[in-house]
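Heads up: the sequence shown is residues 0 to 89, going by numbering that gives the first Met the number 0.
In what follows, a single structure is set out as structure tokens and then discussed.
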Amino acid sequence: MGRGRQKAKQRKVARNLKYYTPETDYAALERELRQQNGASEGKQTQPKDDDPYAAYYDQYGEYEEEDPWADEYGEYNDADDHRGGDGRDR
């Protein structure tokens, strides 16, 4: 097959995919969604805590609020830094 025929065939397939609108079976969709919701409602488990430091939050969480050098994002301010904004020593 030449490049022209191949390109025309690809264009035809692309147009079919772009403009093809299948008939949606809303009843089947509703059944599927109900089945998924019913399965998730039946077994409600506690979410698994993947944070390895979660045990320390209760113990040391109060110190985060007491840090006078931390800004609202929890990072330290560079206001007392001896360097300028460009990172060079003055």
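Yeah, the Cβ is synthetic: ideal placement off N, Cα and C, and Gly gets one too.
Which of helix, strand or coil DSSP assigns to E31: As a working mapping, residue 31 is identified with position 32 in the sequence shown. Helix at E31.
DSSP three-state assignment for D50, whether helix, strand or coil: Position 51 of the sequence shown, counted from the start, is the residue given in the question as residue 50. Coil at D50, not helix or strand.
Check: N36 C-beta below 7 Å from any heavy atom of the ligand ZN: This structure lacks the ligand ZN; in fact it carries no ligand of any kind.
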